[in-house]
Amino acid sequence: MAKPIITLTTDFGTRDGYAGAVKGVIKSINPDAEVTDISHEIESFDVLGAAFALNNSYRYFPRGTTHLAVVDPGVGGERQPLLIRSEDFCFVGPDNGIFSFVFQNEMITDMVVLSNKKYFLAEPSTTFHARDIFAPVAAYLSRGVGVNEFGRAAKKCFKLVIQEPRLSKGKLRGEIIHVDGFGNLVTNVAAGSLGGKKIAAITVGRRRIKRLARSYSEIKEGEVGALMGSSDLLEITLNQGSAREALRSKVGSAVTITFK
Amino acid sequence: MAKPIITLTTDFGTRDGYAGAVKGVIKSINPDAEVTDISHEIESFDVLGAAFALNNSYRYFPRGTTHLAVVDPGVGGERQPLLIRSEDFCFVGPDNGIFSFVFQNEMITDMVVLSNKKYFLAEPSTTFHARDIFAPVAAYLSRGVGVNEFGRAAKKCFKLVIQEPRLSKGKLRGEIIHVDGFGNLVTNVAAGSLGGKKIAAITVGRRRIKRLARSYSEIKEGEVGALMGSSDLLEITLNQGSAREALRSKVGSAVTITFK
Amino acid sequence: MAKPIITLTTDFGTRDGYAGAVKGVIKSINPDAEVTDISHEIESFDVLGAAFALNNSYRYFPRGTTHLAVVDPGVGGERQPLLIRSEDFCFVGPDNGIFSFVFQNEMITDMVVLSNKKYFLAEPSTTFHARDIFAPVAAYLSRGVGVNEFGRAAKKCFKLVIQEPRLSKGKLRGEIIHVDGFGNLVTNVAAGSLGGKKIAAITVGRRRIKRLARSYSEIKEGEVGALMGSSDLLEITLNQGSAREALRSKVGSAVTITFK
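Chains as they are written, first to last, in the numbering used here: chain A, 1 to 260; chain B, 1001 to 1260; chain C, 2001 to 2260.
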C-alpha cells in the first residue's frame, strides 16, 4: 500500500529550523508518512498567499493526502485550530482563511476543532502550534486515527472574501489578487466570467492589451500581454520579465476588460 | 522497519546543484535512506546560524536519525571532519562549532575524526567535503557501518561560546544571539535565568517593553512585545512585522531586564 | 528493489504552489516514485543556470534516476518537449539547451519528442507543461513505460554553446560562465585547458591573482584567490565573502591567465 503523504505549506522559511522541527515531529509519530514540501517561502503572515499556493497544488496529490498549511499570525490567540476532511483530502491548520479555496472547491465532509490533547505534543507552546499541535495531529491522522477523535465539530469556519469581478456599463472590472514569483499578475477574472464574449482590450494602469495570447511564447520578448493562466484565471504577463515591475502593479490594482 | 533518516542543514542554497549532489551521493550509497531537508538557506558562512537551526529541529526527529550539517568556511584546511554519536542521534560535519548546542544538550557517546578513505568518495576534493566526505560517511553510517570504522576517537572538539546573561546591580544583561526569518530577535535569556522573578521592563535600544506576552497574538498588531519563544528563550517580536527592522537591532545588541 | 527517483530542477520558486503541483502529479501517477528537489530557485528564465545546477548534481544520483528539468520561457511555443535516455539516466524537459551538459557528458541512447497524449494530463495547458506534460511523462517512465511509447525519435536537439577559452600570444583568455550562491565566479577554464603549465597570474578586471590555492581556507579571510572548484573549473573566490561583489564581475567578464 502507498505511504500516506503529508504536504507542508508555511511561511517559516527554512533557516531557523522551524520547518525541520515540523518534519521531525511527523516522522517521530508516523515513520511511514511521506513528508513533501509545497512551500516554506510564503511571505510572512500572508494567509491569502498560502491559500493560493495550496489551491494551485493540493488537488494534484493522490486521494488521501493530508495538507498541513500554517501561516498563523494569530497563533496562541482566539483563532481555532482546524481539521477539515473533504471527499478526497484532509487539511490541518489554523482557521484564519488559509483554507478559503478549499471551502470553495471541495465537498467538505467534516470540520473539527482540534482539542484532544492526547494528539498534541506534551505541553504545547503558545507560539508554535505547527510543531506542537498541527504536525502531531496530521501524523496521527495519517496513522488512521478517526477525524472525530481530534475534537468537536466546528460550527463555522473563517473564509476570506475573494472579490468577484463586476460587470458595469459593458465593462468587466476585476482586480489583481496575486503576484506570482515570475512577476505575473493574476487577476480574479476566471475564464467563465468572460461569458464567451470577445475581448476588445484589457487595461491595467495605463497599459492597454488588445488580445489574449494562448501562451507566454506567443507574446514578444519584453512585451506585456495577457492570457488565461494555469489556474484558469486571467493573467497579465511580461514575456521573460516581470509584469509586476514593468506595470508597478500590485494586489488590489484594477483590471478593466472591454468587449467587442 | 523504518527507513533511516538523514537530515541536511547547509548554506549551499539550491540553485547551484551542490545540495543536489549531496542528496545524490547519499542515495547512491544507501537507496533506503530517507533524505530530509532542514535547510539549505543558512546565511553563507554563518556557523552559529546553522547551529541554531539544528538546535531548533534535531531533537524532534526519530531516535537513530543522522544529522548532516555543513557550513564550512574552513573546508580543506585544518578543521577536522567529525562524526558524533549521542544516545539518540548521529551528527556528521566539520568541527567548527556547528555542533555547539549538541555538545551542550546531548549525552555524547562517541566522537570520531573521519579519516578512513574507504568511506569517502574516490579522490575527494579539497573544496566540497559535504559531497565527498560527509555525505558518504552519513550514508554508510545509515547502512549500519560502526562509528569506529570511520576513524580515530577525537580528543577534543570545537565549541562556540554562547555568552550567558549576567546579573549586575539587580539588572539582567543579555544580548541578541539570533534573528529569525520573521525578524524576531532571539536573546540568550532562557526562562531559567529569570529565576522566577517578575519582570518590570525589558529594554532593547531605546524601546522599553513592560510585560511578557504569552503569545504573538496577545501583542497588538504593529506593536513591539516580548515573550518566551518556542526554543524557551526570551524573544523580542513585532506582531505581524519585523522587530529587527523596527528596532534596527542585530546579533550582539544588548537587552536589559529589570525586575519588580 | 529501490524506489525510482525523480529529481526536480526548476525556476518556479515554491511560493506559488507550481512546484507542489508537479510533485502531486508525479505521486498521483506513481505513488512509489521518490521525488527529490535539486532546486526550484534557479533564476527566472535562466536556462544556462539550470543546466549548471543539473550538471553539478545529476551524475551523483543512482543509475536509473530520472531528472526532470524545466526552465521554460518558450512553453507553449515551438520548442519541443523532450525525453532523453543515456546509459545511466533519463532526462525530461524542454528542448531549449537545459540539457547542454548532458549531451556533452553522457552517452545518449534515445531522444524522443513527447507527443503521445496518453501520457499527458487531460487537456494540457499551453502555460504549464511541467505539470501537464513533463511530470506525467517522468512518472509513467518511472513506472516502466518504454521510452519509445512517448513519441517519435527527435532528429536534433538544441545545445547552448559554451565558449571555450582561447590561447593567444601565450595567454589563455577565458570568461566567467556562472556565479554561484556564495558569489564564487566560475570560469570556462577547465583543469585540462591549462595543459599542465604553471600559472604566473590570473587577471579578472583590475585584480591580479598570483597563485592557485588548493582550498578556500588557504586563502586569507577577506582576500580574493583562485582555485579549481568542485566542478573542475577555475573559480575566482573571496574567502568568507562574495567575489562577485568585491570584483563587480558577472557572467561574460573576461579572465586572463599568463604562464611562467
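Ideal placement from N, C-alpha and C gives every residue a C-beta, glycine not left out.
The structure presented is a predicted model; accordingly, all values stated were derived computationally and were not measured.
Beta-carbon proximity of residue i to residue j, cut-off 8 Å
i	j	result
I2177 (chain C)	V2251 (chain C)	yes
C2090 (chain C)	L2172 (chain C)	no
V25 (chain A)	L121 (chain A)	yes
F1061 (chain B)	K27 (chain A)	yes
V35 (chain A)	R85 (chain A)	no
G2174 (chain C)	Y216 (chain A)	no
L1054 (chain B)	G17 (chain A)	yes
T9 (chain A)	I42 (chain A)	yes
T1014 (chain B)	H1040 (chain B)	yes
V22 (chain A)	F45 (chain A)	no
N2056 (chain C)	S2231 (chain C)	yes
L2048 (chain C)	T1127 (chain B)	no
G1020 (chain B)	I2038 (chain C)	yes
G183 (chain A)	A243 (chain A)	yes
I2098 (chain C)	A2050 (chain C)	yes
V2112 (chain C)	R2152 (chain C)	yes
F150 (chain A)	V137 (chain A)	yes
S2168 (chain C)	V2204 (chain C)	no
G107 (chain A)	E87 (chain A)	Reading off the sequence shown, one finds Met at residue 107 (chain A), where the question assumed Gly. Taking 8 Å as the Cβ cut-off, M107 (chain A) and E87 (chain A) qualify as a contacting pair.
Residue(s) in a DSSP beta bridge with residue i
i	result
M2111 (chain C)	C:I2084
E1034 (chain B)	B:I1005
G1074 (chain B)	The partner list for G1074 (chain B) (beta bridge, DSSP) is empty, contrary to what the question assumes.
I2202 (chain C)	C:I2209, C:I2257
E2235 (chain C)	C:V2186, C:L2227
H2067 (chain C)	C:T2007, C:F2091
R1079 (chain B)	Its beta-bridge partners do not exist; DSSP assigns none.
R166 (chain A)	A:R173
Under the three-state DSSP convention, the category residue i falls into
i	result
K2171 (chain C)	strand
R244 (chain A)	helix
R2214 (chain C)	coil
V186 (chain A)	strand
R1152 (chain B)	strand
F1101 (chain B)	helix
I1133 (chain B)	helix
R1207 (chain B)	strand
V2147 (chain C)	helix
F2052 (chain C)	helix
S261 (chain A)	Since the first residue of chain A shown is 1 and the last is 260, residue 261 (chain A) is not available in this structure.
A2122 (chain C)	coil
V2179 (chain C)	strand
R59 (chain A)	helix
S2039 (chain C)	strand
K2159 (chain C)	coil
S1142 (chain B)	helix
K117 (chain A)	helix
V2251 (chain C)	coil
Enclosing alpha helix (DSSP H) for residue i [first to last residue]
i	result
V1025 (chain B)	1018–1029
Continuous beta strand (DSSP E) stretch holding residue i: start and end
i	result
G2093 (chain C)	2090–2094
Cutoff 8 Å: residue i Cβ touching any chain E Cβ
i	result
P31 (chain A)	Absent from the structure is chain E; the protein chains it does hold are A, B and C.
Residue i beta carbon near the ligand ZN (any heavy atom closer than 7 Å)
i	result
G2192 (chain C)	Looking for the ligand ZN in the displayed structure turns up nothing, as the structure carries no ligands at all.
According to a CB-to-CB cut-off of less than 7 Å, which residues of the stretch 196–217 of chain A neighbour chain C?
Contact residues of the stretch 196–217 of chain A toward chain C are R214, S215, Y216, S217 (C-beta to C-beta distance below 7 Å).
Contact list for the stretch 1013–1029 of chain B against chain A, Cβ threshold 8 Å
none
Contact set between the stretch 178–194 of chain A and chain C, restricted to residues whose Cβ is under 7 Å from the partner
D180, G181, F182
Got a sec: which bits of the stretch 141–164 of chain A sit with their beta carbon under 8 Å from any beta carbon on chain C, in order along the chain?
none
For the stretch 1036–1054 of chain B, which residues have a beta carbon sitting closer than 8 Å to at least one beta carbon of chain A?
T1036, D1037, I1038, S1039, H1040, E1041, I1042, E1043, G1049, F1052, A1053, L1054
Determine which residues of the stretch 2094–2105 of chain C have a Cβ less than 8 Å from any Cβ of chain B, and write them out in chain order.
none
Just by C-beta distance, which residues in the stretch 2101–2131 of chain C are closer than 8 Å to chain A?
S2125, T2126, T2127, F2128, R2131
Which of the residues in the stretch 69–84 of chain A, read from start to end, lie with their CB under 7 Å from any CB of chain B?
P73, G74, V75, G76, G77
Quick one, which residues of the stretch 1242–1255 of chain B are near chain A if we go by CB-CB under 9 Å, in chain order?
S1242
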